[in-house]
Amino acid sequence: DPTLLPPAAEAPVQPMAPAAAPPPDPPPAPSLAHLPIPLFAVPMGLGGLGLLWRDAAFLIGPAAWLGEVALLAATLVWGWLAWLHVRRALAHPEALGADLSDPLRLPFFGAPTIGLMIVGGFTREEFVVEVEVIAAKAD
């Protein structure tokens, strides 16, 4: 007799599992549009280290060639970054305009010229040596 059976315990109501969230969007492909201008701080630091090491070699005697290596690296990095930023300006002028109108990024636009002055300190010394060698051969 079904009336004699104890009432069946109701199963607890399980909340419905939330719908699975869609997978996140993949990150955007690398683009020159996102190339930061503050990267020019790298050749500034390398060049400053190289110039300091060059001068310190005459005062305290560390290996002078280490300063020349740092200066050469600064020159190569500066040239590579300058080339990338010219490509960026040509391919993504809107990104360059956004950087120029951003008050937090605008001060970094002085970094390329400062880096160029440091690189000039390296190449000037190399140029003077080359001119002296050429002049000595001409005599």
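Numbering (our numbering), first residue to last: 5 to 143. Just so you know, even glycine gets a beta-carbon here, dropped at the ideal spot from N, CA and C. In this text, all values refer to a predicted model and were calculated from it rather than measured experimentally.
Rounded distance between the beta-carbons of residue j and residue i, thought under 8 Å
{"i": "L56", "j": "L88", "result": "Going by Cβ atoms, the distance from L56 to L88 rounds to 27 Å, so no, they are not a contact pair."}
Exposed unless 16 or more other CB atoms sit within 10 angstroms - verdict on residue i
{"i": "D29", "result": "exposed"}
{"i": "R91", "result": "exposed"}
{"i": "W84", "result": "exposed"}
{"i": "G51", "result": "buried"}
{"i": "G114", "result": "exposed"}
DSSP state of residue i mapped onto helix, strand, coil
{"i": "P97", "result": "helix"}
{"i": "P116", "result": "helix"}
{"i": "R91", "result": "helix"}
{"i": "R109", "result": "coil"}
{"i": "L39", "result": "coil"}
Start-to-end residues for the alpha helix (DSSP H) that takes in residue i
{"i": "L55", "result": "45-63"}
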